[in-house]
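Residue numbers (this note's numbering): 76 to 180.
The beta-carbon is built from N, C-alpha and C at its ideal position, and this holds for glycine as well.
All values reported here derive from a predicted model rather than from experimental measurement.
Here's the structure we're looking at; comments come further down.
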Ligand code: SF4
Ligand code: F3S
């Protein structure tokens, strides 16, 4: 199993999640993070850190396409191991539910 970052992260990228990951499993894109399934050890400590509740266990992901999407993007993006400021307008985008089309690769 792995944990998966979902739509709520898009255009927010708060990055609180990366500070607690014991295996540095997060990968960073322009406006989204992905979890590398090869590095995630299913500890779940990142889940409560996300202010917008974007992280789910693979078995609970509401939109299934985010499972292969995390794997694909994680293979292309570089690790992020320390938190940094959220994206500009993160608070506004945190209110938006449908933002799948905003994802930048
Ligand atoms: Fe890292 Fe644990 Fe979250 Fe997996 S579940 S990404 S190992 S903090
Ligand atoms: Fe994204 Fe939440 Fe982490 S918004 S960067 S999954 S803290």
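Report yes or no: do three or more beta-carbon pairs, one from the stretch 119-126 and one from the stretch 142-150, lie closer than 8 Å? Verdict: no, contact absent.
At a cut-off of 8 Å, would you count residue 89 as near ligand 2, judging by its Cβ distance to the nearest heavy atom? With a cutoff of 8 Å, residue 89 counts as near ligand 2, since its C-beta is closer than that to a heavy atom of the ligand.
To the nearest whole angstrom, what separates the beta carbons of residue 98 and residue 114, a pair I think is in contact under 8 Å? The pair is a contact, with the Cβ atoms about 5 Å apart (cut-off 8 Å).
Sorry if obvious, but does the Cβ on residue 141 come closer than 8 Å to a heavy atom of ligand 2? Flag unset: Cβ of residue 141 not near ligand 2.
So is the beta-carbon of residue 107 under 8 Å away from any non-hydrogen atom of ligand 1? No, the Cβ of residue 107 stays beyond 8 Å of every heavy atom of ligand 1.
Runs of alpha helix (DSSP H) wholly within the stretch 90-127 (minimum 4 residues, chain order): Assignment of alpha helix (DSSP H) within the stretch 90-127, counting only whole runs of 4 or more residues, yields no such run.
Identity of the residue in 95, 109, 94, 102 nearest residue 140 by Cα: Residue 140 has its Cα closest to that of 109, out of 95, 109, 94, 102.
Considering Cα atoms alone, identify which of 86, 156, 164 is closest to residue 102. The candidate whose alpha carbon is nearest that of residue 102 is 156.
Which two residues bound the contiguous beta strand (DSSP E) that contains residue 132? Per DSSP, residue 132 belongs to the beta strand (DSSP E) from 130-132.
Please check the pair residue 87 and residue 152, which I expect to be a contact at CB under 8 Å, by giving their CB distance rounded to whole angstroms. With a Cβ gap of about 17 Å, residue 87 and residue 152 do not count as contacting.
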